[in-house]
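Undergrad:
Residue numbers (the working numbering): 24 to 264.
Right, dumping it as structure tokens:
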């Protein structure tokens, strides 16, 4: 038994020593470390690319939204100021003073429609040219109606917020007078600004330009086809092997 034990023991040790010399254990450990690094690196890169792609998509949508909004605003302004009066026959003017407050305040838009002079009555609010000074346009309430010597219609007016009547009597010219039908609060100053040539040019030409830039940006920043993490890791394994 002792002789057999003496022969067997070195043989076992020899096999273990040979396995160590052949590098079996390092070969099992080193690839696992490299493989882990190969999987982690694409995951981090994918996360950064995803964040960048999301930001680009949001920025593209914002730019396109601004362009569409400017186009819609320009269209609404054009319809309200240019097409509406011709098609529907109304007129718009911006109240500059507080003489008709609180019903009509500075910056409000007064919408009027042509009304036959014979149909106006005391209490109506009309927009007309005053017969004195610079003959500016005024929007006041009728307090009295009278007939002139030649058969015309003359009106006495007053601002609701004023203490006294207007110091003139206005003879209405023509067949109609602009009578107030509604008031749009707060938008008068905006409309006055939009009527400025530079603002109109920005709306008419800037809005399409912004929209086109947004569309081009969305095309240029489109993400390439994504590679799945499994495919990326497989590629790294093949390169290492």
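Backbone N, C-alpha and C define an ideal beta-carbon position, used for all residues, glycine too.
1) Taking C-beta to C-beta, are residue 135 and residue 203 nearer than 9 angstroms?
2) Give me, in chain order, the residues of the same chain whose beta-carbon lies closer than 7 angstroms to that of residue 13; leave out the 5 immediate sequence neighbours on both sides.
3) From residue 165 to residue 180, what distance separates their C-alpha atoms?
4) Say whether chain C places a C-beta atom closer than 9 angstroms to the C-beta of residue 89.
5) Leaving out five residues on either side along the sequence, give the residues of the same chain with a beta carbon under 6 angstroms from the beta carbon of residue 104.
6) Going straight from the alpha carbon of residue 163 to that of residue 151, what length do you get?
7) Mind reading off the beta-carbon distance from residue 133 to residue 116? Whole number of angstroms is fine, and I expect it under 8 angstroms.
8) Can the beta-carbon of residue 147 be found closer than 9 angstroms to that of residue 207?
9) Could you tell me whether the Cβ atoms of residue 138 and residue 176 are closer together than 9 angstroms?
10) Give me, in chain order, the residues of the same chain whose beta-carbon lies closer than 7 angstroms to that of residue 232; leave out the 5 immediate sequence neighbours on both sides.
11) With 16 as the cutoff for other CB atoms within 10 Å, does residue 3 come out buried or exposed?
12) Spatial neighbours of residue 184 within its chain, please: CB distance less than 7 angstroms, with the 5 preceding and 5 following residues excluded, ordered by chain position.
13) Kindly indicate which three-state DSSP category residue 147 falls into: helix, strand or coil?
14) By Cβ distance below 8 angstroms, which residues in the same chain neighbour residue 222 in space, the five residues on each side in sequence not counted?
15) Kindly indicate which three-state DSSP category residue 116 falls into: helix, strand or coil?
16) When the distance is taken between beta carbons, is residue 167 closer than 9 angstroms to residue 178?
17) Using a Cβ-Cβ cutoff of less than 6 angstroms, which residues in the same chain neighbour residue 211 once the five nearest sequence positions on both sides are dropped?
18) Could you say which of 225, 198, 220 lies nearest to residue 140 if we only look at CA atoms?
19) Measuring alpha carbon to alpha carbon, tell me which of 92, 100, 113 ends up nearest residue 214.
20) Using only CA atoms, which one of 229, 205, 220 lies nearest to residue 113?
21) Name, in chain order, the residues that DSSP records as bridge partners for residue 84.
22) Within 10 angstroms of the Cβ of residue 127, are there 16 or more other Cβ atoms? Answer buried if so, exposed if not.
TA: So, from the listed chains and residues:
1) Contact: yes.
2) Past the edges of the chain, shown from 24 to 264, lies residue 13, and the structure says nothing about it.
3) Here the alpha carbon of residue 165 sits roughly 4 angstroms from the alpha carbon of residue 180.
4) Judged by its chain identifiers, the structure shown contains no chain C, having just a single protein chain.
5) None.
6) Answer to the nearest angstrom: the Cα atoms are 9 angstroms apart.
7) With a contact defined as Cβ atoms closer than 8 angstroms, residue 133 and residue 116 qualify at about 5 angstroms.
8) Result no, Cβ atoms of residue 147 and residue 207 do not sit closer than 9 angstroms.
9) In this structure, residue 138 lies away from residue 176, with their beta-carbon atoms at least 9 angstroms apart.
10) Once the five neighbours on either side are set aside, residue 232 has no close Cβ partner at all.
11) The question about residue 3 has no answer here: the residues shown for the chain are numbered 24 through 264.
12) By the criterion of a C-beta distance shorter than 7 angstroms, residue 184 is surrounded in its chain by 121, 122, 123, 124, once the five residues flanking it on both sides are discounted.
13) Judged by DSSP in its simplified three-state form, residue 147 adopts coil rather than helix or strand.
14) Once the five neighbours on either side are set aside, the close Cβ partners of residue 222 are 216.
15) In this structure, residue 116 counts as strand in the three-state DSSP scheme.
16) Yes, they are a contact pair.
17) For residue 211, where only same-chain residues beyond five positions count, the Cβ hits under 6 angstroms are 117, 130, 131, 132.
18) Among 225, 198, 220, the Cα nearest to that of residue 140 belongs to 198.
19) Checked all of 92, 100, 113; the closest Cα to residue 214 is 100.
20) Of the candidates 229, 205, 220, 205 places its Cα closest to the Cα of residue 113.
21) Residue pairing by DSSP leaves residue 84 without any beta bridge partner.
22) It counts as buried.
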